[in-house]
Amino acid sequence: MHELLNTLYVTTQGATLRLDHGTVRVIVEDETVARLPLVRLQAIVVFGRVTITTPLIHRCAEDGRGVVWLTRHGRFRARLTGRTLGNVLLRRAQHEALDDPDRTLALAMQYVAGKVQNARTLTLRSARDSAGADDEAELRAVADNLASLLGEIRVASDLDVLRGLEGIAARAYFRGFGGMVRGDRAAFTPDGRTRRPPRDRANALLSFCYALLRAECEAALEGVGLDPQVGYLHALRPGRPALALDLMEELRPAIADRLVLRLVNRRQIRADHFDETPGGAVSLNEQGRRATLAEYERRKESAVSHRLLKERIPVGLIPHVQARLLARHLRGDLRHYLPYLAR
Numbered sequence: 015m016h017e018l019l020n021t022l023y024v025t026t027q028g029a030t031l032r033l034d035h036g037t038v039r040v041i042v043e044d045e046t047v048a049r050l051p052l053v054r055l056q057a058i059v060v061f062g063r064v065t066i067t068t069p070l071i072h073r074c075a076e077d078g079r080g081v082v083w084l085t086r087h088g089r090f091r092a093r094l095t096g097r098t099l100g101n102v103l104l105r106r107a108q109h110e111a112l113d114d115p116d117r118t119l120a121l122a123m124q125y126v127a128g129k130v131q132n133a134r135t136l137t138l139r140s141a142r143d144s145a146g147a148d149d150e151a152e153l154r155a156v157a158d159n160l161a162s163l164l165g166e167i168r169v170a171s172d173l174d175v176l177r178g179l180e181g182i183a184a185r186a187y188f189r190g191f192g193g194m195v196r197g198d199r200a201a202f203t204p205d206g207r208t209r210r211p212p213r214d215r216a217n218a219l220l221s222f223c224y225a226l227l228r229a230e231c232e233a234a235l236e237g238v239g240l241d242p243q244v245g246y247l248h249a250l251r252p253g254r255p256a257l258a259l260d261l262m263e264e265l266r267p268a269i270a271d272r273l274v275l276r277l278v279n280r281r282q283i284r285a286d287h288f289d290e291t292p293g294g295a296v297s298l299n300e301q302g303r304r305a306t307l308a309e310y311e312r313r314k315e316s317a318v319s320h321r322l323l324k325e326r327i328p329v330g331l332i333p334h335v336q337a338r339l340l341a342r343h344l345r346g347d348l349r350h351y352l353p354y355l356a357r
């Protein structure tokens, strides 16, 4: 159980939430583990097998307090908004920001800067842990290149320039990705980034983890009442969750890429966890998917420091916190949206 940004997140399986004289009482195995005044909560988000009693649901509906149900793995299921028009006003603010070129560029710039900064942090971490001087020198050169590109990103004049810089940074980062692999390099050194379909094991594993992260980001945005399809960095297309893809950018290196390297370098994922089709496409097999999902869930439960909140939170809540920060920015409660930056 965590209270962040006036939102109660309950991840303990089997927990029950009850209304108790203006408070929400959290019960686990017939024992009250917490009582929180409802007046200080703007929303309640529950994961998986968590029960919310009918009186508490009714009270939240009357007060206009959001209640969000997600699966244990973080996929969106439903949201209660009651009689409030808050989500309508929030989505209107979301569209108004899209109609303002300066605000659109500012938001897109934060997503790209967050992505490149997190990629640089992961590259430097890998350089410190590298086994040889050559690998360390190569990775530090990549990090220097990313630092230089960060300076250009922060003064990009329009979206086209920004997207071009993001592409350059991504290519530079993935050229050095093989130097971060300390496990079976012959099997897991990628030849750049390939997708639709992935052409090697590293890219197959990256694509699988990105799909998991995309689902988390969509659920987080739905949970705060934002439209996942209305984004700022990614162009709008029917059926494309542009805002979820925006949010993913800053989180790819910090969550998905780090997970991939952890799986490979600890040899939790091996070459025999993949299948290759006659056309050259590579994908995780059933055993590989199970191993990846198990480690992904463990990773989500681990705690990391959030620089803005100045406290430690589970990795699995990062997309939800960032979605709520974005909502606050769009409403005008925060002057700037600040991306999540890993340490």
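Numbering of the sequence shown is given in the working numbering, commencing with residue 15 and proceeding in unit increments.
All C-beta atoms, glycine included, are put in the ideal place defined by N, C-alpha and C.
Note that this is a predicted model, so its numbers are computed, not measured.
In chain order, what residues of the same chain have a beta carbon less than 8 Å from the beta carbon of residue i, not counting five sequence neighbours either side?
{"i": "G296", "result": "Note that residue 296 is Val in the sequence shown here, rather than Gly. So the qualifying residues of the chain are P211, P212, R213, D214, R215, N217, A218, F288, D289, E290."}
{"i": "L84", "result": "V59, V60, F61, G62, F90, R91, A233, G237"}
{"i": "T135", "result": "P267, A268, L355, A356, R357"}
{"i": "D34", "result": "R49"}
{"i": "D205", "result": "R213, D214"}
{"i": "R303", "result": "F222"}
{"i": "H320", "result": "R326, I327, I332, V335, Y354"}
Go through its chain and collect everything with a Cβ distance to residue i's Cβ below 6 Å, but skip five positions before and after it.
{"i": "A234", "result": "P333, H334, A337"}
{"i": "R49", "result": "T37, R39"}
{"i": "E150", "result": "A141, S144"}
{"i": "P353", "result": "Q124, G128, E264"}
{"i": "P255", "result": "E232, P242, Q243"}
Apart from the five residues on each side of it in sequence, which residues of its chain come closer than 7 Å, Cβ to Cβ, to residue i?
{"i": "A258", "result": "R228, C231, E232, L235, P242"}
{"i": "L348", "result": "L339, R342"}
{"i": "G330", "result": "G88, K314, E315"}
{"i": "R272", "result": "L136"}
{"i": "L94", "result": "I71, C74, A75, G80, V81"}
{"i": "N20", "result": "R54, L55, Q56"}
{"i": "Y351", "result": "L121, Q124, L339, L340, H343"}
{"i": "A285", "result": "D198, A201, R215"}
Indicate whether residue i and residue j have their beta-carbon atoms separated by less than 8 Å.
{"i": "Q108", "j": "G80", "result": "no"}
{"i": "A10", "j": "N159", "result": "The question about residue 10 has no answer, for the chain in this structure spans 15 to 357."}
{"i": "R39", "j": "R63", "result": "no"}
{"i": "A268", "j": "A356", "result": "yes"}
{"i": "T67", "j": "R106", "result": "no"}
{"i": "G190", "j": "V156", "result": "yes"}
{"i": "A133", "j": "L344", "result": "no"}
{"i": "G193", "j": "L153", "result": "yes"}
{"i": "T26", "j": "T65", "result": "no"}
{"i": "L103", "j": "L240", "result": "no"}
{"i": "D282", "j": "E309", "result": "Contrary to the premise, residue 282 reads as Gln rather than Asp in this sequence. Yes, these two residues count as a Cβ contact at 8 Å."}
Does DSSP classify residue i as helix, strand or coil?
{"i": "S162", "result": "helix"}
{"i": "E43", "result": "coil"}
{"i": "P51", "result": "strand"}
{"i": "R312", "result": "helix"}
{"i": "R79", "result": "coil"}
{"i": "I71", "result": "helix"}
{"i": "P212", "result": "coil"}
{"i": "V38", "result": "strand"}
{"i": "A345", "result": "This sequence places Arg at residue 345; Ala is not what is there. Looking at R345 - three-state DSSP - the assignment turns out to be helix."}
{"i": "D149", "result": "helix"}
{"i": "L352", "result": "coil"}
{"i": "L240", "result": "coil"}
{"i": "H109", "result": "helix"}
{"i": "H11", "result": "The structure shown does not extend to residue 11, since the chain is modelled only from 15 to 357, so the question has no answer here."}
{"i": "P115", "result": "helix"}
{"i": "L99", "result": "Low confidence applies to L99: its pLDDT is 47, below 50, so where it sits in the model is not reliable, and the reading given next is rough at best. Looking at L99 - three-state DSSP - the assignment turns out to be coil, as it is neither helix nor strand."}
{"i": "Y246", "result": "coil"}
{"i": "D205", "result": "coil"}
{"i": "A218", "result": "helix"}
{"i": "R91", "result": "strand"}
{"i": "L323", "result": "coil"}
{"i": "P252", "result": "coil"}
{"i": "I167", "result": "helix"}
{"i": "N20", "result": "coil"}
{"i": "V1", "result": "Absent from the structure is residue 1, since the part of the chain shown begins at 15 and ends at 357."}
{"i": "R196", "result": "coil"}
{"i": "I269", "result": "helix"}
{"i": "R284", "result": "coil"}
{"i": "P276", "result": "In the sequence as presented, Pro is not what sits at residue 276; that position holds Arg. R276 falls in the helix class under three-state DSSP."}
{"i": "S362", "result": "In this structure the chain extends from 15 to 357, so residue 362 is not present and cannot be described."}
{"i": "T26", "result": "coil"}
{"i": "D174", "result": "helix"}
If I'm right that residue i touches residue j with Cβ under 8 Å, what's the distance once you round it to whole angstroms?
{"i": "V82", "j": "G197", "result": "With 8 Å as the limit, V82 and G197 do not qualify as a contact, their Cβ atoms being about 38 Å apart."}
{"i": "I167", "j": "V126", "result": "5 Å"}
{"i": "Q131", "j": "L176", "result": "No, Q131 and L176 are not in contact; Cβ-Cβ is about 15 Å, not under 8 Å."}
{"i": "T118", "j": "C223", "result": "With a Cβ gap of about 28 Å, T118 and C223 do not count as contacting."}
{"i": "G128", "j": "E45", "result": "With 8 Å as the limit, G128 and E45 do not qualify as a contact, their Cβ atoms being about 40 Å apart."}
{"i": "R312", "j": "V318", "result": "In fact, because the Cβ distance is near 13 Å, the residues do not count as touching under 8 Å."}
{"i": "F188", "j": "R209", "result": "That pair is no contact at about 11 Å."}
{"i": "G28", "j": "V42", "result": "7 Å"}
If you measure from the beta carbon of residue i to each beta carbon in chain B, is any gap under 8 Å?
{"i": "R304", "result": "The structure shown has no chain B; it contains just one protein chain."}
For the pair the region 164 to 172 and the region 135 to 145, tell me if three or more CB-CB distances fall below 8 Å.
no
Would the region 238 to 253 count as touching the region 117 to 135 if we require 3 or more Cβ pairs under 8 Å?
yes
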